[in-house]
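In the UniProt record's numbering, the protein residues as written are 1 to 339. We treat Cβ as the ideally placed atom computed from N, Cα and C, and that holds for glycine. First up is the structure itself, then whatever we jot down about it.
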């Protein structure tokens, strides 16, 4: 049957073990009760009824429930089960009496119930296993549906994250090329060095940042390269401060979370610029401060910080803060990530 084929798959071995354990425990109980009431185990009285219960359970679990009840064919489901229950209880009761007659009279249990009462008892017994099969099947289907929904949501989030991450590269390249263009207009000797810095940054974005989480030390190294690239185009005397507090060697995080904040400074800020990174075992905080140049700042409506905010919501839900503030002609950004 389809249900049994599903259970044999490696992914469903746990379910198979649970089914086997459940029936084994149930079989032990009913054989023990039969022996307790003086019915010899060799007479196989409990085994006859157990076969009927297993049959009606898996007939519903594998076929009737998904094919009939699951497709809103309630009438066919009820009538089919009624026919199967009547057939199985007739076979099991008659099978029990046939087996009983094979043994000497002293081994036969005394009939304690009339035939019609046995019929009613076995009828409700099998109906119980129909209901049990429905409960087990619907519970399994619910868990499968929940797992598929989670996988679908995870795939959607991964696709959206990949799209957001892909937006960073052309956005960053466009802004960096503007810097190189300004250097080339001056025919500055720093232009070749700037191209090398940019090549290293693009290599990091395209390849090194594609393998999941990275070390914070690597991200700091990339920030240093980016700052070196910006220094080449800035006028002499430009005040820029970058400091790191704490030990970043043991910290890992998702790539390209800090660079958009720092890039935003050079797009919209003026001298002086301050960048501070504080690291602890459980928290990472980035603080930037720059004087506003009068142009529109990249608040969460532009690509840079808006993109960052979306990625933070996906990667660190309820574990981050991105605070933007204008104060006394300065623009302050604070990014806090709980590790």
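Cβ distance (whole Å) where residue 198 is taken to contact residue 229 below 8 Å: Your pair residue 198 and residue 229 checks out as a contact, with CB atoms roughly 6 Å apart and the cut at 8 Å.
Mapping DSSP to helix, strand and coil, what is residue 76? In this structure, residue 76 counts as helix in the three-state DSSP scheme.
Among the candidates 66, 279, 182, whose CA atom is the shortest distance from the CA of residue 141? When only C-alpha atoms are compared, the closest one is 66.
Could you name the residues of the same chain whose beta carbon sits closer than 7 Å to that of residue 57, not counting the 5 residues immediately before and after it, in chain order? Within the same chain, Cβ atoms closer than 7 Å to the Cβ of residue 57 are found at 129, 132, 133, the five residues on either side in sequence being excluded.
Per DSSP, residue 290 forms a beta bridge with which residues? Bridge partners of residue 290: 273, 331.
Please give the ranges of any alpha helix (DSSP H) in the stretch 183–209, keeping only runs that are unbroken, at least 4 residues long and fully inside the region. Entirely contained in the stretch 183–209, the alpha helix (DSSP H) runs reaching 4 residues are, in chain order, 191–206.
Does the Cβ of residue 235 have 16 or more other Cβ atoms within 10 Å, making it buried, or fewer, making it exposed? It counts as exposed.
Taking the alpha-carbon positions, what's the residue 239 to residue 272 distance? The straight-line gap from Cα to Cα measures roughly 5 Å.
Residue range of the unbroken alpha helix (DSSP H) whose run includes residue 244: No alpha helix (DSSP H) holds residue 244; the beta strand (DSSP E) holding it covers 240–245.
If we ignore side chains and look at the alpha-carbon of each, how far apart do residue 52 and residue 120 end up? When rounded, the distance between both Cα atoms is 15 Å.
When you compare only the Cα positions, how much space is there between residue 227 and residue 18? Between the alpha carbons of residue 227 and residue 18 lies a gap of roughly 59 Å.
Using C-beta distances below 6 Å, list every residue in its chain close to residue 321, excluding the 5 sequence neighbours before and after it, in chain order. Shown here for residue 321: same chain residues with a beta carbon closer than 6 Å to its own, the five before and five after excluded, namely 336 in chain order.
Taking the Cβ atom as the reference point for each residue, do residue 287 and residue 332 lie within a distance shorter than 9 Å? Yes; because the gap between Cβ atoms is below 9 Å, this pair is in contact.
Using a Cβ-Cβ cutoff of less than 8 Å, which residues in the same chain neighbour residue 201 once the five nearest sequence positions on both sides are dropped? Take residue 201, set aside five residues on each side of it, and the residues of its chain with a beta-carbon closer than 8 Å to its own are 172, 176, 222, 225, 226, 229, in chain order.
According to DSSP, is residue 251 helix, strand or coil? Three-state result, residue 251: coil.
Specify, as a first and last residue, the run of the alpha helix (DSSP H) that residue 230 falls within. Run containing residue 230: 216–233, per the alpha helix (DSSP H) assignment.
If you reduce the DSSP assignment to three classes, tell me which class residue 320 lands in. DSSP, reduced to helix, strand and coil, places residue 320 within a strand of the structure shown.
9 Å Cβ cutoff met for residue 396 and residue 206: Because the chain spans 1 through 339 in this model, residue 396 falls outside it and cannot be assessed.
Provide the residue(s) that pair with residue 283 in DSSP beta bridges, ordered along the chain. Beta-bridge partners of residue 283 (DSSP): 338.
Label residue 89 either buried or exposed according to how many other C-beta atoms from any shown protein chain fall within 10 Å of its C-beta, with 16 as the threshold for buried. Buried, because 16 or more other Cβ atoms sit within 10 Å of the Cβ of residue 89.
Does the distance from the CB of residue 330 to the CB of residue 292 come in under 9 Å? Yes, these two residues count as a Cβ contact at 9 Å.
Kindly list the residues whose CB is nearer than 7 Å to the CB of residue 328, restricted to its own chain and excluding five residues on each side of it in sequence; keep chain order. The beta carbon of residue 328 sits closer than 7 Å to none of the beta carbons in its chain outside the five residues before and after it.
Does residue 29 pass the burial test, meaning 16 or more other C-beta atoms within 10 Å, or should it be called exposed? The residue is exposed, with fewer than 16 neighbouring Cβ atoms inside 10 Å.
Rank 243, 63, 81, 20 by C-alpha distance to the C-alpha of residue 126 and give the top, closest one. Nearest C-alpha to residue 126: 81.
Decide if residue 135 is buried, meaning its Cβ has at least 16 other Cβ atoms within 10 Å, or exposed. Per the 10 Å Cβ criterion, exposed.
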